[in-house]
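Chains A and B, in that order, give the protein sequences. Sequence positions in the first sequence follow this note's numbering and run 1 to 107. Sequence positions in the second sequence follow this note's numbering and run 1001 to 1206. Report on the following structure.
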Amino acid sequence: MSGMETVQIIVNAEKQAAKIIQDAEATAANIRRKIDSLIQEQRTEMLATAKKEAAALVQQAEEEGRREAESYEKESAVRTRELIARASSKKSATVEKLVGMVMQGEK
Amino acid sequence: MMSETSKFTEDILNAATEKAGNIIGEAEAETQRASDEAKTSISREAENIMRNARADAEAVKRREISEARHKSKLHEEKEKDIVMTEVLDHAKKRVLDVAKDESKYLPYLTTLVENAIRQLGDETLLIHLNKADMTRINRTNLERDVNKGLQKPIKIEWSKEPIEAAGGTIVSSPDGKTRIVNTLDERFDALESKLLVEAGKSLFGQ
């Protein structure tokens, strides 16, 4: 092999090496480019899931609250009915007491 | 010579391959870091959304129950108010009806007059009655009973103008400047707040 041939082989190897590095840089740039859209995609997906779960949580609380409120109102209505029934049985005695207060000592 | 050239080119290519590996590895590591950081940040954001939702949910539930309590309390108060009003109206009617039963009313009226005279402390007084009492009350007997009750002679004058009341009396100095209102209506109205408290205690144990 002549000296010229040897130089040619080395020049070719250098060109090939430069190509390898160039390709690697293009691949790296591509990897970097993709990550931004990947992150954005992940963000959109995770936040959408979180918002959906949040809405479900609030709706569930609303339903629970309504059920508890209805139950409270029913129990309260029963308590009020009982209270009024007890009070009604004391009406006559109370009227007597009030009349007595007005007439007290002057009848 | 030939094998040396080969080795040299192989070294060049090996170095290039290694560098290429480093370039790609670095990009991959960099994106992995960015991805991890982004995941942490997004998770925090998502957790924040959930935390706010939990607080909202708690508030929504509390509001529903609080509104129900308020509504029930209002209903209870309204029902109690109906009973209280009924009792108070009935009591007032009973007090005003006392005037219809002369056997009860005359001694009561005498006491009302006596008490008013004691409060005024004068020895000459003007007594006002309603129209019905002006007609039906025997004034001589009432004067006699009052003097007896007070155990001292009092000069009583009778107003010719009837008062607007269901019963009872207004006793005044002759010039009308000082007066004690002892009508049934007025006595009831004056005591109304106390009567309400008493009725509340008696009916609802308040």
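Note that beta-carbon positions come from the ideal geometry of N, C-alpha and C, so glycine has one too.
Here the alpha carbons of serine 92/A and glutamate 75/A stand approximately 28 Å from one another. Per DSSP, glutamate 1164/B lies in no alpha helix (DSSP H) segment and is marked neither H nor E. The Cβ atoms of valine 1146/B and valine 1113/B sit closer than 7 Å to each other.
Of all residues in the stretch 41-53 of chain A, those with a C-beta nearer than 7 Å to a C-beta of chain B are Gln42, Arg43, Met46, Leu47, Ala50, Lys51, Glu53, reading in chain order.
Residues of chain B with a Cβ closer than 7 Å to the Cβ of methionine 4/A do not exist, since the nearest Cβ in that chain sits about 12 Å away.
Residue state for isoleucine 1137/B is assigned as coil, using DSSP reduced to three classes.
For glutamate 14/A, the uninterrupted alpha helix (DSSP H) segment begins and ends at 3-88.
Per DSSP, valine 1181/B is not a residue of any alpha helix (DSSP H); the beta strand (DSSP E) it occupies stretches across 1179-1183. Counted as a single uninterrupted DSSP element, the alpha helix (DSSP H) harbouring leucine 1112/B occupies residues 1102-1120. About 6 Å separates the CB atoms of isoleucine 1163/B and isoleucine 1170/B; that is less than 8 Å, so the two are in contact. Close to serine 76/A, with beta-carbon spacing below 9 Å, are these residues of chain B in chain order: Ala1068, Arg1069, Lys1071, Ser1072, Lys1073, His1075, Glu1076. Apart from the 5 residues on each side of it in sequence, valine 1087/B sits with its Cβ closer than 6 Å to the Cβ of Ala1199 in its chain, given in chain order. Contact between glycine 1149/B and threonine 1110/B holds, since their C-beta atoms are separated by about 6 Å, short of 8 Å. Here the stretch 1128-1137 of chain B makes no contact with the stretch 1058-1073 of chain B; the two share fewer than three CB pairs at distances below 8 Å. The shortest CA-to-CA distance from serine 1173/B to any of Thr1140/B, Ala1091/B, Glu1123/B is the one to Glu1123/B. Annotation for glutamate 1157/B: the continuous beta strand (DSSP E) segment containing it runs 1155-1158. Under the three-state reduction of DSSP output, leucine 1129/B falls in the coil class, being neither helix nor strand.
Assignment of serine 1173/B by DSSP, reduced to helix, strand and coil, places it in the coil class.
For leucine 98/A, the closest alpha carbon among the candidates Lys1093/B, Glu1102/B, Tyr1105/B, Ile1127/B is that of Lys1093/B.
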